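K.L.:
Before I ask anything, here is the structure I am working with.
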Amino acid sequence: NSVVNGSMLSGRQMIGTLNVLGLNYATLGNHEFDLKEISLRRRLDESKFEWIGSNVYEL
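Counting in our numbering, the sequence shown runs from 32 upward without gaps.
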């Protein structure tokens with residue numbers, strides 16, 4: 032199957048893509064919370080852009 036499965040990669044493919052695009056900011060959506068907390072924290076640390084989430088108090 033040529034479709035990349037984000038859950039199998041724990042979101043690594045998306046952060047890599049967004050880093051290459053040179054984003055300044057991104058917002059947390061519902062699929063970020065599909066990941067286990069440790070995986071989400073790792074993806075946030077790997078990102079070269081800032082995350083905005085006014086409805087997320089602690090992560």
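Cβ atoms here follow ideal geometry from the backbone N, Cα and C, with glycine treated the same way. Quick caveat, the model's predicted, so the values are computed rather than measured.
Whole angstroms is fine: what's the gap from N32's alpha carbon to M39's?
P.N.:
Here the question's residue 32 lines up with position 1 in the sequence shown. Here the question's residue 39 lines up with position 8 in the sequence shown. For N32, the predicted model reports a pLDDT of 46, less than 50, meaning its position is unreliable and no value from the coordinates is stated.
K.L.:
Considering E63, what are the terminal residues of the alpha helix (DSSP H) in which it resides?
P.N.:
By one-based count along the sequence shown, residue 63 stands at place 32. Unbroken run through E63: none, as it is neither H nor E.
K.L.:
According to the Cβ coordinates, are E63 and L71 closer than 8 Å?
P.N.:
Position 32 of the sequence shown holds residue 63. Position 40 of the sequence shown holds residue 71. Yes, the pair counts as a contact, with Cβ atoms nearer than the cut-off.
K.L.:
Excluding sequence positions up to five away, which residues of its chain have a Cβ less than 7 Å from the Cβ of E77?
P.N.:
Counting from one through the sequence shown, the residue named residue 77 turns up at place 46. Hits under 7 Å: I46.
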